[in-house]
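Student:
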Amino acid sequence: MRKNWKKLAAGILAGAMALSMAACGGSSDSGAAAGSSAAASSAAAGSSAAASSAVADSSSAEAKSKDGNIVLGACVQTLKANVYTVMRDSAVAEGEKEGVDVLYQSCELNAATQKNQVETMLSQGIDVLLLEPADMESMASTAQMARDAGIPVITMEMGIQGFKSDLWLTSNSYDVGKQQVEALLNEIGEDTKANIVLFPGTVGDFVAEEISQGVRDAVAEHDNLTIVVDQAVPEWDRQKAMNLMEDAIVQTGGDIQAVLANNDNMALGARKAAENAGIADDIWFIGADNDEEMDQAIIDGKKMRTIDKGAVEQGRRMIEVTKKLVAGEDVTVDEEVDGVPVWYTPTAIVTPDTVEEISGPKFPNLFK
Numbered sequence: 025m026r027k028n029w030k031k032l033a034a035g036i037l038a039g040a041m042a043l044s045m046a047a048c049g050g051s052s053d054s055g056a057a058a059g060s061s062a063a064a065s066s067a068a069a070g071s072s073a074a075a076s077s078a079v080a081d082s083s084s085a086e087a088k089s090k091d092g093n094i095v096l097g098a099c100v101q102t103l104k105a106n107v108y109t110v111m112r113d114s115a116v117a118e119g120e121k122e123g124v125d126v127l128y129q130s131c132e133l134n135a136a137t138q139k140n141q142v143e144t145m146l147s148q149g150i151d152v153l154l155l156e157p158a159d160m161e162s163m164a165s166t167a168q169m170a171r172d173a174g175i176p177v178i179t180m181e182m183g184i185q186g187f188k189s190d191l192w193l194t195s196n197s198y199d200v201g202k203q204q205v206e207a208l209l210n211e212i213g214e215d216t217k218a219n220i221v222l223f224p225g226t227v228g229d230f231v232a233e234e235i236s237q238g239v240r241d242a243v244a245e246h247d248n249l250t251i252v253v254d255q256a257v258p259e260w261d262r263q264k265a266m267n268l269m270e271d272a273i274v275q276t277g278g279d280i281q282a283v284l285a286n287n288d289n290m291a292l293g294a295r296k297a298a299e300n301a302g303i304a305d306d307i308w309f310i311g312a313d314n315d316e317e318m319d320q321a322i323i324d325g326k327k328m329r330t331i332d333k334g335a336v337e338q339g340r341r342m343i344e345v346t347k348k349l350v351a352g353e354d355v356t357v358d359e360e361v362d363g364v365p366v367w368y369t370p371t372a373i374v375t376p377d378t379v380e381e382i383s384g385p386k387f388p389n390l391f392k
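Residues 25 to 392 in the working numbering are what the sequence shown lists, from first letter to last.
#1: Return the chain-ordered ranges of every alpha helix (DSSP H) run that is complete within the segment 287-316 and spans a minimum of 4 residues.
#2: Which word fits Asp199, buried or exposed, when buried means at least 16 other C-beta atoms lie within 10 angstroms of its C-beta?
#3: Quick one: grab the DSSP three-state call for Asn196.
#4: Determine the direct distance from the alpha carbon of Thr330 to that of Ile373, and round the result to whole angstroms.
#5: In the DSSP assignment, the beta strand (DSSP E) including Glu411 goes from what residue to what residue?
#6: Roughly how many angstroms lie between the CA atoms of Ser197 and Lys333, to the nearest whole one?
#7: Which of the three DSSP states is assigned to Phe398 in this structure?
#8: Could you check which residue in Met182, Gln148 and Val379 has the C-alpha nearest to that of Leu155?
#9: Leu284 and Ile220: beta carbons closer than 8 angstroms?
#10: Using 8 angstroms as the threshold, is the C-beta distance between Asn287 and Gly225 below it?
#11: Alpha carbon to alpha carbon, what distance is there between Val364 and Arg171?
#12: Val95: beta carbon under 7 angstroms from a heavy atom of the ligand ZN?
#13: Considering only the alpha carbon of each residue, which of Cys131, Thr179 and Ala173 lies closest to Thr346?
#14: Comparing C-alpha positions only, which one of Leu193, Phe187, Phe223 and Thr194 sits nearest to Gln204?
#15: Quick check: what's the CA-CA separation for Lys327 versus Ala282?
#16: State the CB to CB distance for the pair Ile322 and Thr371, rounded to an integer number of angstroms; the pair is presumed to be in contact (CB under 8 angstroms).
#17: Rounded to whole angstroms, what is the Cα-Cα separation between Thr356 and Asn289?
#18: Within its chain, find whatever has a CB closer than 6 angstroms to the CB of Lys139; leave out the 5 residues flanking it on each side and keep chain order.
#19: Can you tell me where the beta strand (DSSP E) holding Asp91 begins and where it ends?
#20: In three-state DSSP terms, what is Asp279?
#21: State the DSSP-derived secondary structure class of Ser130, mapped to helix, strand or coil.
#22: What does the alpha-carbon distance come out to for the pair Asp306 and Ile212?
#23: Just the Cα atoms here: how many angstroms apart are Glu234 and Ala105?
#24: Should Ser83 go down as buried or exposed, given a rule of 16 or more other Cβ atoms within 10 Å for buried?
#25: Quick test of your reading: Asp261 and Val107, contact by CB under 8 angstroms. State the CB separation rounded to the nearest angstrom.
#26: Compare the Cα-Cα distances from Gly228 to each of Gly201, Asp159 and Ala117 and report the closest residue.
#27: Might you give, ordered along the chain, the residues of its own chain that have their beta carbon closer than 6 angstroms to the beta carbon of Lys202, omitting 5 neighbours on each side?
#28: Under the DSSP definition of a beta bridge, which residues are partnered with Ile251?
Have a look at this one:
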């Protein structure tokens, strides 16, 4: 991960908009969305049914555990993406084993909603707050409310400007971008020329910019690779990625050898556009999340790869860190970024040779 995310965040919006306009004629779309991820390097997540019964809605449930368990309040950006339900289910399953009750709330990218959710959880009495900020620039006062109440704060995926959390739990998004380029080179070699379409997530999103910059920097190291289109996709959306891929095909005359998308949804949307144009079999599509649909495509032999970002392990680590913070114990730290301790979740390239090992615990039905 590149250092000093606070300075980076201030320049993301202007820089990404300028780059998108230069590459594709401009875009006025803006917003905030989280990059998604999925993994299987640890214990399998609990079933969705079990998780649904174990996850309390903090708007209607008493937070303080009646059986004396520790209570983790988790406020995340979204639960619409598969990776987030995998992460939630993993946390709930691990919590059931370790005596931690998990309250999981999604604000669906609305910062005002997230602030209200945090305030409700604090009033109900949680022991630890995990926050994936819907807006990294405006959540400092909300996080500070938890700290003032003596409640440890874990940030996930991105930090909060003006606030130093007790731990930042994340995959290394910059390295994910570099791994996408590595995955492509593993398939085409160092000599084959490749024109690349890069689809970052929403303009202004920290994770999107980190992954995308990892791609750009890695591509710059290889003379055989050229980014011909660099276009942000609002809300990391599959349909919008499909539409933008249609534009990219027209813009390049179909001379595209690879699509590198910040998440699997966008990679799948781009592939659909290429299928409609009759050129999908000529293009490598590389995403990030390790979602089930992408795994199935890899198993089926399609020219697709993904980066596993550790969702199962990240869910497990939520519980481990929660228990340590409540007990006053030291937590695992890989490095500090602007004074915030960071623990990186392992990432891995998913290929036909590794898909069962990595994804089997998460999607066992794919391998029966």
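Built from N, CA and C at the ideal position, the CB exists for glycine as well.
All values derive from a computational prediction rather than experimental measurement.
Tutor: Taking the geometry as given:
#1: Whole alpha helix (DSSP H) segments, 4+ residues: 288-301.
#2: buried
#3: Asn196 falls in the coil class under three-state DSSP.
#4: 6 angstroms
#5: A question about residue 411 goes unanswered here, because the residues of the chain that appear run from 25 up to 392.
#6: 9 angstroms
#7: Residue 398 is absent from the model: the chain starts at 25 and stops at 392.
#8: Met182
#9: yes
#10: With contacts defined by Cβ atoms closer than 8 angstroms, Asn287 and Gly225 form a contacting pair.
#11: 15 angstroms
#12: With respect to small molecules bound, the structure shown includes none, and the ligand ZN cannot be examined in it.
#13: Thr179
#14: Phe223
#15: If I take the Cα positions, the gap works out to 10 angstroms.
#16: Not a contact, Cβ separation roughly 16 angstroms.
#17: About 32 angstroms.
#18: Thr166
#19: Note, Asp91: premise wrong, no beta strand (DSSP E); not H, not E.
#20: coil
#21: strand
#22: 12 angstroms
#23: 19 angstroms
#24: Note that Ser83 scores a pLDDT of 35, beneath 50, so its modelled location is shaky and nothing firm can be said.
#25: 15 angstroms between Cβ atoms; not a contact.
#26: Asp159
#27: Gly238 and Ala242
#28: Ile220
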